[in-house]
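Chemist: First, the structure itself, so that you have it in front of you.
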Amino acid sequence: MPTEDNKILTPPPRQSKLDFLTSPWAAMVHDLLMVPVAWLAAYWLRFNLGSIPEHFFTGALNLLPLVLVAQGAMFAYFGLYRGVWRFASLPDLLRIVKAVAAGTAIVAVVTFLLTRLELVPRTVLLFFPLLLIFLLGAPRLIYRMFKDR
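Set out below in structure tokens:
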């Protein structure tokens, strides 16, 4: 039976240098950083990997707060931060898909009501969720593969 003295002498469990990456806060920061990356990359893809016309670029930046809030709210609502990255699986990927789809739908509806989608090409609303699903899902699956080795 462990005594108080044994508890003091027992070293704490060894932690991996990557353990901080599995915290819900790290996942949330990662996910919210990927939203603007996917949003602007969708515009870049829309304009054939070239320069984005100034009025579209300005519109993309003006809509970015709405996109961040909508996606962040859906990430929380669908429970993206309940699981542990080590155990990322198909249900986690499905939650990502649902959250991204719901967030994109909110952005599309609000943008349509405000601007009639004048500053958002329709292809952006197709590219954005695909890129975001990849940017959120791939790191989780790569982390799981790395930890399973």
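In my numbering, the protein residues as written are 62 to 210. Glycine included, each C-beta is placed from N, C-alpha and C at the ideal position. For clarity, every value in this text was computed on a predicted model and none was experimentally measured.
1. Would you say the region 103 to 110 touches the region 155 to 167, given that touching needs at least three Cβ pairs under 8 Å?
2. Give a yes or no on whether the C-beta atoms belonging to A88 and L196 are separated by under 7 Å.
3. Look at the Cβ atom of A199, then the Cβ atom of I167, and state whether they are nearer than 7 Å.
4. Which two residues bound the contiguous alpha helix (DSSP H) that contains P190?
5. In whole angstroms, give me the CA-to-CA distance for F118 and W86.
6. If we count the other Cβ atoms within 10 Å of its Cβ and call it buried at 16 or more, is L174 buried or exposed?
7. Which residue comes first and which comes last in the alpha helix (DSSP H) that contains R156?
8. If you check the beta carbons only, do L124 and V161 fall under 7 Å apart?
9. Buried or exposed, going by whether 16 or more other CB atoms sit within 10 Å of the CB of L141?
10. For G120, does the three-state DSSP call read helix, strand or coil?
11. Helix, strand or coil: how does DSSP classify P97 here?
12. Determine the closest residue to V185 out of R201, V128, I203, R143, with distance taken between C-alpha atoms.
13. For R181 and P114, I'd like the C-alpha separation in whole angstroms.
14. Alpha carbon to alpha carbon, how far is H91 from F207? Give it in angstroms, no decimals.
Modeler: Let me lay it out:
1. no
2. One thing to note: A88 has its Cβ no nearer than 7 Å to the Cβ of L196.
3. no
4. Start and end: 183 to 209.
5. Taking the Cα positions, F118 is about 30 Å away from W86.
6. exposed
7. 151 to 176
8. Contact flag unset, no.
9. buried
10. Correct three-state label for G120: helix.
11. In the structure shown, P97 sits in a helix (DSSP, three-state: H, G or I).
12. Put simply, of R201, V128, I203, R143 the residue whose alpha carbon is nearest the alpha carbon of V185 is V128.
13. Before going further, note that residue 181 is Val rather than Arg in the sequence given. Their backbone Cα atoms lie some 12 Å apart in a straight line.
14. 18 Å
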